[in-house]
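Under our numbering, the sequence shown has 392 at position 266, and the numbering climbs by one with no breaks.
A virtual CB, placed ideally from N, CA and C, is assigned to each residue, including glycine.
First the structure, in the form of structure tokens, and then the observations on it.
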Amino acid sequence: MGTIAKLSIVKGHQQELIPRHLHRIFEEGVAHRSHKTALIHYKDANSAADFQHQLPRQTSYLEMNRRANQCARLLVREATQRFLQPNSDGDFIIAVCMQTSDDLVTTLLAIWKAGASYLPIDPTFPANRIQHILQESKPIMVIHDDSVDKSRFDSSIVTTLTISELSLNSSQMQGTNLMASEMLSSGVSNLAIVLYTSGSTGIPKGVRLPHEVILNRLQWQWTTFPYALNETVGVFKTALTFVDSVAELWGPLLCGLAILVVPKAITKDPERLVQMLEKYKIRRLVLVPTLLRSLLMYLNLDGGRITAGNSEGKLLHNLHIWVCSGEPLPVALASNFFDYFQEGVHALYNFYGSTEVMGDVTYFACETKKQLQHLDRVPIGIPVNNTVVYLLDSDYRPVKHGEIGEIYVSGLNLADGYVNGRDKEKFLENPLAVELKYSRIYRTGDYGSLADGYIFYEGRTDSQIKIRGHRVDLSEVEKNVAELPMVEKAIVLCYHAGQLDQALLAFVKLRDECSLYNELQLESKLSDKLADYMIPQVVLIEQVPLLVNGKIDRQALLKMYETANNNEGDSSIVLDFDYSQVPDELRPVAEDLFETVGGVIGRSTRTTLTPQSNFYELGGNSLNSIYTVTLLREKGYSISISEFIAAKNLGEILHSMTKDREINMVEDTEIWLSACPHLDMEAVPLQYSHKQDVIQIIVDSFYGKADLEQWLKPDILRTDYSDLISDIWDDLVEKDLSFVVVDRNTNRIIGTALNFDARNEPEVEVKSKLIIVFEFLEFIEGPIRDNYLPKGLNKILHSFMMGTHVDLNAQENIACMHFMEHEVLKLAKKKQFAGILTTNTSPLTQQLGNDVYNYKTLLDYQVNEYVFTDGSHPFAKAPDSQRAIVHWKEVTP
């Protein structure tokens, strides 16, 4: 008699779950930890400046709860007074379009306390995606950052409220917890979050996550991975639109830990991320395998350094629990983890799931390298508590042990369907259920197999892939590419899905009349339709290859891409390097840089490499940037990862590679001067006869090349600057703190530095739109000058304006700036000032201030967040990367 075949059904541990609203759990905890820190946020950590020199804003549990209650009361009042109604599902939804911050976390809690659910919208989402989400989910309002343009939200669809309006208008409201009767729908709603994912029909769809489902996931986490006694701070770094953010944020907060809010800019920079994790001795981290690979590269690069207070001598020794989620975890990567981290102390966990099953529904614990020896894939493991995983065939029958079946999930981790009841075939009645809590079943669209008690991932049944943890449906991308008016045919494919060189590709045949369009132009147009992580690399084709049956030959397209872009496999393909703008003495270094960059990202490089080329526009990303820095260091160049990532182009990287970090400012100035021997510069105190030359230089520098003024044109004029300088000219000359730079070889004025005593500056009435710039500068400089810098006269030398002649080339320009900076320092010492205060808005002067002149960063401000006195956002069109940095340099006698 044969044995009965084992069927592929795996049941997770059974644990009692008492349904409760998450905000009520938070409120009960406040009574026991009212004065403990709940939130830690570095408001200005989006900059390249070292966050360790900034003081974080810390919020206690008591304060967070009080502010959330006040905001919740305002939200209820707004909804009631405006007669706002729930959507067709009966849900009160409030959309949130904000950057990661402590205010964001408090706002989310307030939404729950108001009796509503929150729906995250990434501020970078294209307009069509935002419009679809709002039209389908019908939130009662959108809360957004002040910097977000209100016009992105159709006022006929939804009410909007800025975070400043929410904060100001709620400040006088009662701060006690709301009773159920004071909440929307009397607090009976169980929906907590709505998350939009890529849809298989090409249209995003919203997943409805109740409080009970989230609580089941959190309760499993607290039981399986309890917080250690010395674990006091958790990390919130995952994008709010990604389901992993839910457990990452609320898991620690509901257990009394502080949450370290990590801005997006730091998560993209392994060097700064590691610094922050080290500083707070973080013990657990959730990340996608791509980020894990980047961190391991960085740790192997710089991880041998002994850090202060770290007796083990290795970076991130305190980080014991590493959770990979969102993408398949390669065995080689898991093995590399234990090449750096100690077995038995550090553990790597592989989580599997999707938004519809609360992010994670199975897990595998990898604690030793030995576990991986005979595996070709890392298992996705066993189910979490109160869930069952089935591997079923096409007739919904469990497959035998070892066979491949489609993964179905049942239990308390299941979402409550989709917004508007879409895709009902995904959530079914469970024909195999024997208990009520398993009466519903979710069809994941993934294949799996069961072996040795563990489930293994076997791929997708449809066209969905994972990119940086986000689920992307190729059909959605293809639909948006095909809708471009110049496109005749589009086929979207994924090259090497889940591997290091994974690439999302759009093969495009253009309409005959649109043949002049190129790949980069199409990708630019897609940025208005798709989220950043969904934009494919466009490959133009003349004909669509077909199989004998008339279907598209997709493998031929992928092979064509590989052949055309694999530099190693085709020696006839040579990348084009243009060194014409590189000085002869830097040519050998530039060759090393260009060849290294070309070798790393050659597969996706479609243009000539020049000093003006941007690494990321060439096809670079955070992972291969680390790899590139590694290769450059192996060749003997000293360049930090932060420098590389922040560089605007290869020219800036070249500068970082060639500078000597041990050279002091005087020596550095002499080096730049020696590079321009034809300049014989002399600093001459400002005189009345210099007026016209100085005005011309200031106008050319600040009107022609200005970083802030560009967003105000055409409302500002060249004469606005000449009028300003004329108004303050007598003061500039009489106070004897300013000078011009004269080239003695030509007797020509080539630069000027205008300075004041910061506590004795002239009053001037600016009547033009230029007032916006000066109000902005006072907005960021004033509080620092008045509260943090030395008091009294003759203490702060304000480097007010510095400009160079428009005819100077790049090398001469830097040499002149070095000279002026050196002279300003000499002037400050001579006049016995305590220090120099200046604000830099140019990336070049910011880099010089940070890296060469050793100024201390007091504030790094994102200019598009500025609100003028009339309530407008004059710099709203500026990218998030545009900064204004307030610098301070102490003057030593």
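Around the C-beta of His931, 16 or more other C-beta atoms lie within 10 Å, and the residue is accordingly described as buried. Distance from the Cα of Met807 is smallest, within the candidate group Leu403, Gln822 and Ile875, for Ile875. By the CB criterion at 8 Å, Val723 and Leu735 fall inside the cutoff. Nearest in C-alpha terms to Ile593, of all of Leu619, Lys605, Pro611 and Tyr573, is Leu619. Under the DSSP assignment, Met190 falls in the alpha helix (DSSP H) whose first and last residues are Tyr187 to Gln207.
The beta carbon of Glu469 lies closer than 8 Å to those of Glu493, Thr494 and Lys495 in the same chain, with the five residues before and after it left out. Pro909 counts as exposed, since fewer than 16 other beta carbons sit within 10 angstroms of its beta carbon.
Within its own chain, the residues whose Cβ lies closer than 8 Å to the Cβ of Lys615, once the five positions on either side in sequence are excluded, are Ala608, Val634, Lys635 and Val670, listed in chain order.
Going by C-alpha positions, Lys552 is about 6 Å away from Tyr568. Classified as buried, Lys651 has 16 or more neighbouring CB atoms from the shown chains inside 10 Å of its CB.
By the CB criterion at 8 Å, Pro456 and Pro415 fall inside the cutoff. The beta carbon of Gly485 is closer than 6 Å to those of Val369, Asp370 and Gly479 in its chain, skipping five residues each way along the sequence. Counting C-beta atoms within 10 angstroms of its own C-beta, Thr226 has 16 or more neighbours from the protein chains shown and is therefore classed as buried. It is roughly 7 Å from the alpha-carbon of Leu850 to the alpha-carbon of Val892. With a threshold of 16 other beta carbon atoms within 10 Å, Ser214 falls short and is exposed. In the three-state scheme derived from DSSP, where H, G and I count as helix and E and B as strand, Cys640 is classed as helix. Nearest to Ala632 by alpha-carbon distance, out of Ile533, Glu604, Ile752 and Phe152, is Glu604. Between Ala1004 and Asn990, the C-beta spacing is below 8 Å. Here DSSP, grouped into helix, strand and coil, assigns Ile283 to coil. Taking C-beta separations shorter than 8 Å and ignoring five residues to either side along the sequence, the partners of Ile854 in its chain run Pro888 and Val890, following chain order. The three-state reading of DSSP puts Gln958 in coil, since its state is none of H, G, I, E or B.
For Asn881, the uninterrupted beta strand (DSSP E) run begins and ends at Arg874 to Asp883, by DSSP. Apart from the 5 residues on each side of it in sequence, Val810 sits with its Cβ closer than 7 Å to the Cβ of Phe865, Val866 and Val868 in its chain, given in chain order. At a Cβ-Cβ threshold of 8 Å, Val514 and Tyr564 count as neighbours.
Nearest to His337 by alpha-carbon distance, out of Ser273, Trp238 and Pro396, is Trp238. For Asn740, no alpha helix (DSSP H) encloses it, and the DSSP letter there is neither H nor E.
Its chain contains Asn881, Phe882, Asp883, Leu923, Leu953 and Lys957 as the residues whose beta carbon lies nearer than 8 Å to that of Leu863, once the 5 sequence neighbours on both sides are disregarded; these appear in chain order. Taking a C-beta distance under 8 Å as the contact criterion, Tyr424 and Pro454 do not qualify as a contact pair. Taking Val412 as the centre and dropping the five residues before and after it, the same chain places the C-beta of Thr364, Asp370, Glu374, Val449 and Ser451 closer than 7 Å to its C-beta, in chain order.
If one requires a minimum length of 4 residues, the alpha helix (DSSP H) runs lying completely within the segment 404-473 are 415-428 and 457-466, in chain order. Secondary structure of Thr1018 (DSSP, three-state): coil. Closest in alpha carbon position to Ile166, among Tyr489, Ile447 and Lys405, is Lys405.
Counting only the Cα atoms, His816 lies some 12 Å from Asn873.
In this structure, DSSP gives Asn512 a state outside helix and strand, which the three-state scheme calls coil. With contacts defined by Cβ atoms closer than 8 Å, Leu133 and Pro505 do not form a contacting pair. Here DSSP, grouped into helix, strand and coil, assigns Ala809 to strand.
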